[in-house]
Amino acid sequence: MYHDSSYQWLSSWTGYDCCKWRGVTCDNATSHVIMLDLHFDQYSLLPNESAGTSMTELNSSSNQIEGNIFVNATRKLKHLDLFDNSLTKIPFVMGSLIHLEYLDLSSNDIIGGIPLGMGNLICLEYLYLQQNHITGELPLSMGNLIHLEYLYLHGNQITGEIPDAFGNLTSLIYLDVSYNEFFGRIPDALGNLTSLIYLDVSYNEFSGRITDALCNLIYLEELSLNNNNISGNMPENIGRLHNLMHFDASTNNLMGQIPLSLGDLCNLEYLALYENNIGGELTNLLDGLSKCPQGSNLGYLNIYDNKLSGLSPSNPWQLAQLEYLDISSNSLRGNMTDAHFSKLTNLQYLNMSYNSLNLILSDDWLPPFHALWVDMSYCHLGTRFPSWIQTQTTLMRLCLSGVGLFGPIPAWFSDFILENSLYYLDLSSNELNGELPSILCKHTDLTNNSFEGLTFFSFVGYEVLKLSNNHISGTLPSLFCNITSLFILDLSNNYLSGEIPNCYDSYLYYYQLLFLHLGNNNLSGPFPSFLKNCKYLVTLDLGGNGFSGEIPRWVGGALPDLRFLRLSSNSFHGVIPNSITNLSSLQILDLSSNKLFGRIPSSLGNFSHMVVKQNYTENLFRMPYKVATYYDDNIIITAKGSTNEYTKALRVVTSIDLSNNELSGEIPKEITKLLGLCFLNLSNNHLTGRIPENISAMTELESLDLSMNRLSGEIPSGLSTLNFLCFLNLSHNNLSGRIPTGSQFSTFSGSSYANNMGLCGVPLPECPGDEAHQPPSKAGDEEYDEKLERILEYAFVVVGFIVGFWAYLSIIFMKKSTRITLFRMVDKMYDWMYELEVLKSKRIPTGSQFSTFSDSIYANNMGLCGVPLPECPSDEAHQPPSKAGDEEYDEKLERILEYAFVVVGFIVGFWAYLSVIFMKKSTRITLFRMVDKMHDWMYEFGSAKSKR
Numbered sequence: 001m002y003h004d005s006s007y008q009w010l011s012s013w014t015g016y017d018c019c020k021w022r023g024v025t026c027d028n029a030t031s032h033v034i035m036l037d038l039h040f041d042q043y044s045l046l047p048n049e050s051a052g053t054s055m056t057e058l059n060s061s062s063n064q065i066e067g068n069i070f071v072n073a074t075r076k077l078k079h080l081d082l083f084d085n086s087l088t089k090i091p092f093v094m095g096s097l098i099h100l101e102y103l104d105l106s107s108n109d110i111i112g113g114i115p116l117g118m119g120n121l122i123c124l125e126y127l128y129l130q131q132n133h134i135t136g137e138l139p140l141s142m143g144n145l146i147h148l149e150y151l152y153l154h155g156n157q158i159t160g161e162i163p164d165a166f167g168n169l170t171s172l173i174y175l176d177v178s179y180n181e182f183f184g185r186i187p188d189a190l191g192n193l194t195s196l197i198y199l200d201v202s203y204n205e206f207s208g209r210i211t212d213a214l215c216n217l218i219y220l221e222e223l224s225l226n227n228n229n230i231s232g233n234m235p236e237n238i239g240r241l242h243n244l245m246h247f248d249a250s251t252n253n254l255m256g257q258i259p260l261s262l263g264d265l266c267n268l269e270y271l272a273l274y275e276n277n278i279g280g281e282l283t284n285l286l287d288g289l290s291k292c293p294q295g296s297n298l299g300y301l302n303i304y305d306n307k308l309s310g311l312s313p314s315n316p317w318q319l320a321q322l323e324y325l326d327i328s329s330n331s332l333r334g335n336m337t338d339a340h341f342s343k344l345t346n347l348q349y350l351n352m353s354y355n356s357l358n359l360i361l362s363d364d365w366l367p368p369f370h371a372l373w374v375d376m377s378y379c380h381l382g383t384r385f386p387s388w389i390q391t392q393t394t395l396m397r398l399c400l401s402g403v404g405l406f407g408p409i410p411a412w413f414s415d416f417i418l419e420n421s422l423y424y425l426d427l428s429s430n431e432l433n434g435e436l437p438s439i440l441c442k443h444t445d446l447t448n449n450s451f452e453g454l455t456f457f458s459f460v461g462y463e464v465l466k467l468s469n470n471h472i473s474g475t476l477p478s479l480f481c482n483i484t485s486l487f488i489l490d491l492s493n494n495y496l497s498g499e500i501p502n503c504y505d506s507y508l509y510y511y512q513l514l515f516l517h518l519g520n521n522n523l524s525g526p527f528p529s530f531l532k533n534c535k536y537l538v539t540l541d542l543g544g545n546g547f548s549g550e551i552p553r554w555v556g557g558a559l560p561d562l563r564f565l566r567l568s569s570n571s572f573h574g575v576i577p578n579s580i581t582n583l584s585s586l587q588i589l590d591l592s593s594n595k596l597f598g599r600i601p602s603s604l605g606n607f608s609h610m611v612v613k614q615n616y617t618e619n620l621f622r623m624p625y626k627v628a629t630y631y632d633d634n635i636i637i638t639a640k641g642s643t644n645e646y647t648k649a650l651r652v653v654t655s656i657d658l659s660n661n662e663l664s665g666e667i668p669k670e671i672t673k674l675l676g677l678c679f680l681n682l683s684n685n686h687l688t689g690r691i692p693e694n695i696s697a698m699t700e701l702e703s704l705d706l707s708m709n710r711l712s713g714e715i716p717s718g719l720s721t722l723n724f725l726c727f728l729n730l731s732h733n734n735l736s737g738r739i740p741t742g743s744q745f746s747t748f749s750g751s752s753y754a755n756n757m758g759l760c761g762v763p764l765p766e767c768p769g770d771e772a773h774q775p776p777s778k779a780g781d782e783e784y785d786e787k788l789e790r791i792l793e794y795a796f797v798v799v800g801f802i803v804g805f806w807a808y809l810s811i812i813f814m815k816k817s818t819r820i821t822l823f824r825m826v827d828k829m830y831d832w833m834y835e836l837e838v839l840k841s842k843r844i845p846t847g848s849q850f851s852t853f854s855d856s857i858y859a860n861n862m863g864l865c866g867v868p869l870p871e872c873p874s875d876e877a878h879q880p881p882s883k884a885g886d887e888e889y890d891e892k893l894e895r896i897l898e899y900a901f902v903v904v905g906f907i908v909g910f911w912a913y914l915s916v917i918f919m920k921k922s923t924r925i926t927l928f929r930m931v932d933k934m935h936d937w938m939y940e941f942g943s944a945k946s947k948r
């Protein structure tokens with residue numbers, strides 16, 4: 001065994017009486033070893049299997065034990081603690097330790113599943129398996145551990161559903177399965193665990209509703225359901241959990257209203273329901289908690305990012321213990337006065353931003369609390385800068401963005417910052433004006449205001465300074481060189497002019513600048529030299545200024561972490577330095593609208609971040625946590641025919657824009673290695689040669705602009721395979737050949753190809769030789785339809801006549817018996833129609849008993865006729881055919897059938913014609929073209945015959 005000289009742990013392990021050794025405990029009666037404590041030492045293995053079979057407790061936690069566990073199955077162990085080692089497997093033999101009551105294997109490197117034999121440890125009361133790499137599903141045999149009180153499984157990769165057998169663990173007090181990969185519904189069987197005090201199923205993939213069975217756990221004090229996919233309403237009877245102190249159901253898909261019974265939980269101290277879809281009135285909860293006999297114990301209430309609506313509570317909030325209140329990002333509206341806050345004496349965190357609340361606070365209001373954090377952004381606060389801020393001497397963060405403030409910042413505010421601990425200040429999107437205060441917070445955001453001048457402003461001591469979109473004019477003071485502590489500096493969209501200070505001694509300073517935005521001002525001079533020392537720079541935006549000179553070669557080596565480089569709309573000249581391609585992390589390169597000339601460097605294909613598709617999950621910036629949580633970078637990109645500002649989507653965008661320069665030569669084929677590139681703009685240069693054939697490999701390309709160059713040759717057919725391409729401009733070149741078809745190319749208009757004299761094909765005029773393959777009429781489908789419909793109309797009538805004619809002939813050539821049978825059937829039909837006509841003309845019916853009646857029955861009825869009265873007029877024409885012979889009868893009916901079949905044939909042709917009329921357009925055109933070809937063939941055949 002290893003001897004640690006620093007602890008001298010084994011110095012007492014001498015002689016034969018091991019009961020005197022350090023860490024060994026023996027039974028006083030039998031002298032058997034009953035406990036071995038080896039914790040906090042540096043052993044590499046557990047004691048070997050000969051170390052006494054009567055030992056009941058073994059503690060070897062916080063060592064460096066590696067590999068598998070070797071424990072003699074005959075040992076009568078009750079307590080085994082192997083916490084914080086490097087064990088990799090739970091051995092199958094562990095199930096033989098049937099007397100074990102305490103097992104701690106947490107914080108090891110155990111992989112694989114929980115063995116089935118774990119269910120044999122029927123005496124087990126404490127089981128700690130958290131913080132390992134356990135996978136697989138929970139074995140059903142764990143339902144046998146009916147004496148188990150504490151079960152910790154969090155921080156593994158266990159999957160599947162929680163088995164119903166867990167309902168047998170009725171002695172369970174603590175159950176933690178958080179941070180795993182469980183899915184399915186939370187089982188109703190958990191409602192059987194009526195002794196449960198602590199239940200944590202957070203950070204899994206549970207779905208479905210919150211089972212009502214959980215409301216049976218009346219002793220429950222802490223319930224964590226957050227970060228799952230749970231949906232539906234909260235149980236109405238959740239108020240039965242009277243002992244509940246901690247309830248977290250945040251970051252799910254809960255909907256409906258907050259149950260009224262939730263207001264009955266007077267012991268509740270922590271309530272988190274944020275990031276759901278909960279609606280209804282907030283007063284349902286607050287009014288209920290305000291009625292608690294001893295007052296509510298609620299100290300933490302967070303329900304931001306829901307759909308709570310309605311008016312703000314009309315009564316003061318009776319939540320004297322409340323320390324943390326976040327109701328932001330809802331749809332609350334109405335007035336709130338000083339009285340609403342009068343009972344919140346312990347409040348430290350207040351966030352009510354992004355609501356439609358009207359805060360009516362008196363000028364002399366003295367808040368009853370001393371907050372650390374106040375955020376009222378995008379509520380209506382009024383135009384005057386609030387004086388009550390002076391009372392908040394513990395304030396660290398103040399956010400009053402978009403609240404309607406007007407005028408200058410009062411002079412006392414700089415003193416307040418100096419004397420107190422205010423670190424973060426956001427007054428953006430107001431109407432503040434005047435000179436910038438000489439002192440601001442380390443993290444200050446004053447964007448979208450009307451501030452002027454930097455005369456008395458010091459850049460020393462700041463970490464984040466955002467002053468964009470103001471009216472700041474003049475030159476940058478020499479103190480600008482002292483920005484050594486700044487992580488973020490944004491002075492874009494102002495009226496700054498002149499050169500950036502030389503900063504001759506900048507080599508003495510260590511700059512930790514990450515984001516520098518000076519775009520859209522009137523700055524001039526050469527490329528800023530102090531940037532040599534900004535080796536952590538991620539974003540550099542100098543676009544929209546008057547900088548001149550060459551882009552220095554040192555950019556490629558001095559800025560290794562640069563991802564976003566915007567130098568557009570300046571006066572930089574010279575060639576693009578090859579060293580710029582050493583910026584392997586670059587995602588955005590915008591050198592457009594300058595005076596650059598020469599060839600495009602072939603080494604552009606070395607931008608490794610443009611070779612692969614970017615994703616949102618990547619950690620974009622290496623920066624301090626306190627800065628990263630407050631900042632979303634932004635940059636302006638011209639793509640898809642428009643100019644837009646990208647913020648949250650920036651991390652997945654890749655773009656190269658070299659447009660509006662004087663670049664020449666061919667497009668380097670190496671650029672097609674950038675398989676993850678989204679936007680490529682090389683327009684308005686002097687580029688020649690062909691479009692690279694392999695450009696189709698750039699499968700993520702969404703926007704391609706090569707217009708206003710001198711490119712020649714054909715458009716690569718592979719471009720039509722780019723499924724994401726939604727903008728294409730190849731106009732004003734010397735391209736030729738047929739325009740590719742298919743995929744996205746069918747959506748591009750003729751302007752995408754304009755002024756390329758050699759191009760042809762849709763949507764431009766057809767290529768030579770296409771007429772033989774096109775429809776006869778080029779005027780339009782409508783005219784073509786009209787012509788062929790007339791042809792088909794006559795054609796189907798003729799077809800109908802032919803059908804009737806051949807049907808008539810088929811009757812003629814039938815055998816006589818068949819013909820007679822058919823004619824007799826027609827004769828009966830004729831007689832039936834004849835009788836209808838008789839009734840219509842008041843003819844006396846014939847047949848049956850009518851033949852026995854005399855004429856006296858019908859006497860004095862002037863309108864009656866027929867047997868036995870005189871015959872009706874024109875009876876001769878309506879008499880049935882002569883029965884003298886079948887031949888005469890056949891002859892007459894054959895004429896009738898001839899006309900009938902012709903009529904039927906005409907009807908068939910007519911309906912066939914209508915069916916064509918109502919076909920979908922493409923089918924109709926195809927059919928018409930087929931008939932047209934038949935017509936042309938018949939015409940040619942007739943012409944040839946007539947000339948023979």
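Position 436 (the sequence shown) corresponds to 436 in the UniProt record's numbering; numbering is contiguous.
Beta carbons are placed, not taken as given, at the ideal position from N, Cα and C, and that holds for glycine.
Check, Outcome
"Option in I671, L663, N276 with minimal Cα separation from S655", "I671"
"Span separating the alpha-carbon of S328 from that of S353", "5 Å"
"DSSP-derived helix/strand/coil call for D415", "helix"
"With 16 other Cβ atoms within 10 Å as the buried cut-off, status of R397", "buried"
"Buried versus exposed, by CB contacts within 10 Å (16 or more), T394", "exposed"
"Whole-number beta carbon distance between N756 and L731, since they are thought to touch under 8 Å", "The amino acid at residue 731 is misidentified as Leu; the sequence shows Ser. Going by Cβ atoms, the distance from S731 to N756 rounds to 7 Å, so yes, they are a contact pair."
"CA nearest to the CA of L271, picked from C379, Y300, D264, L286", "Y300"
"Close-in-space but distant-in-sequence residues of the same chain around P139 (CB under 7 Å, 5 per side omitted)", "I114, L116, M118, G119"
"Three-state secondary structure (DSSP) of M142", "helix"
"Buried or exposed (CB count within 10 angstroms, at least 16 for buried), T539", "buried"
"I667 in three-state terms, based on DSSP", "coil"
"Closest residue to Y198 among D164, N243, I691 (Cα-Cα distance)", "N243"
"Test item: CB-CB of N493 and S524 under 8 Å", "no"
"Given 8 Å, three or more beta-carbon pairs between the stretch 130-145 and the stretch 154-162", "yes"
"The stretch 475-486 in contact with the stretch 420-440 per 3-pair CB rule at 8 Å", "no"
"For W317 and S387, the rounded distance between their alpha carbons", "23 Å"
"When H99, I98, P91 are compared against L105, the one with the closest alpha-carbon", "P91"
"Reduced DSSP secondary structure (H/G/I, E/B, other) of D164", "helix"
"Beta-carbon contacts of Y274 that lie in its chain and below 8 Å, excluding the five residues immediately before and after", "S250, T251, N302, I303, Y304, D305, N306, D326"
"Neighbourhood of Y16 by C-beta distance below 8 Å, restricted to the same chain and skipping five residues each side", "none"
"Touching by the beta-carbon criterion (3+ pairs, under 8 Å), the stretch 640-649 and the stretch 660-667", "no"
"For L100 and E125, the rounded distance between their alpha carbons", "8 Å"
"Of the listed residues H370, T14, G191, nearest to L422 (C-alpha basis)", "H370"
"Length of the line joining the Cα atoms of S414 and L425", "12 Å"
"Inter-residue spacing [alpha-carbon to alpha-carbon] between Y349 and V611", "45 Å"
"Sequence ranges, beta strand (DSSP E) only - wholly within the stretch 569-616, length at least 3", "571-574, 588-590, 595-599"
"Nearest residue (CA-CA) to S603, options D657, E137, P668", "P668"
"Extent of the continuous beta strand (DSSP E) run through G549", "546-550"
"Per-residue DSSP class, three states only, for V555", "helix"
"Under 8 Å between C-beta atoms of residue 979 and L675", "Summary: the structure shown does not reach residue 979, with the chain confined to residues 1 through 948, and so no result is reported for it."
"Short Cβ contact (8 Å threshold) for Y338 with S377", "Inspection of the sequence shows that residue 338 is occupied by Asp rather than by Tyr. Not a contact, by the Cβ cut-off of 8 Å."
"Same chain, Cβ closer than 6 Å to F406, five either side skipped, listed in chain order", "T383, E431"
"Contact check, P868 vs S854, beta carbons under 8 Å", "yes"
"Residues near L591 in its chain [Cβ-Cβ closer than 6 Å; skip 5 each side]", "L567, L658"
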